[in-house]
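Student: Quick one: the structure is below, questions incoming.
The following block contains the structure:
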């Protein structure tokens, strides 16, 4: 079973990905940082082998990798327009603009 989330708005919303905040650091800066090396060592002590030790990632370029400072910075939503065939959904909203939203990764937690 799938669950979809919708939002109504009085004004048009920009479509696509919103909310993610990229880091000012590059992939190579992160990979060579002392903090990253400490995290990798902590994983090894737990018996977890870091991906860098299993696969050769040397071919990755900075422009091919997206770097975020935290999971919260990576989180965001994706807004997409509803097609004309979604009148069954639109009838539940009073707003003139109705969109389907989904998390960029993970899921929504509503209380």
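In the numbering used here, the protein residues as written are 5 to 115.
Note that CB positions come from ideal geometry on N, CA and C, so glycine has one too.
All of these numbers come straight from a predicted model, not from anything done at the bench.
Please name the residue or residues paired with residue 127 in a DSSP beta bridge.
Tutor: The chain is shown only over 5 to 115; residue 127 falls outside these bounds and no answer can be derived.
Student: Could you tell me how far apart the beta carbons of residue 80 and residue 44 are, in whole angstroms, since I believe they sit closer than 8 angstroms?
Tutor: Actually they do not touch by this definition, with Cβ atoms about 27 angstroms apart.
Student: Reducing DSSP to helix, strand and coil, say where residue 65 ends up.
Tutor: Residue 65 falls in the coil class under three-state DSSP.
Student: Measuring only the C-alpha atoms, how far is residue 102 from residue 20?
Tutor: Each residue's Cα considered, the two are about 14 angstroms apart.
Student: Could you compute how far the alpha carbon of residue 4 sits from the alpha carbon of residue 34?
Tutor: The question about residue 4 has no answer here: the residues shown for the chain are numbered 5 through 115.
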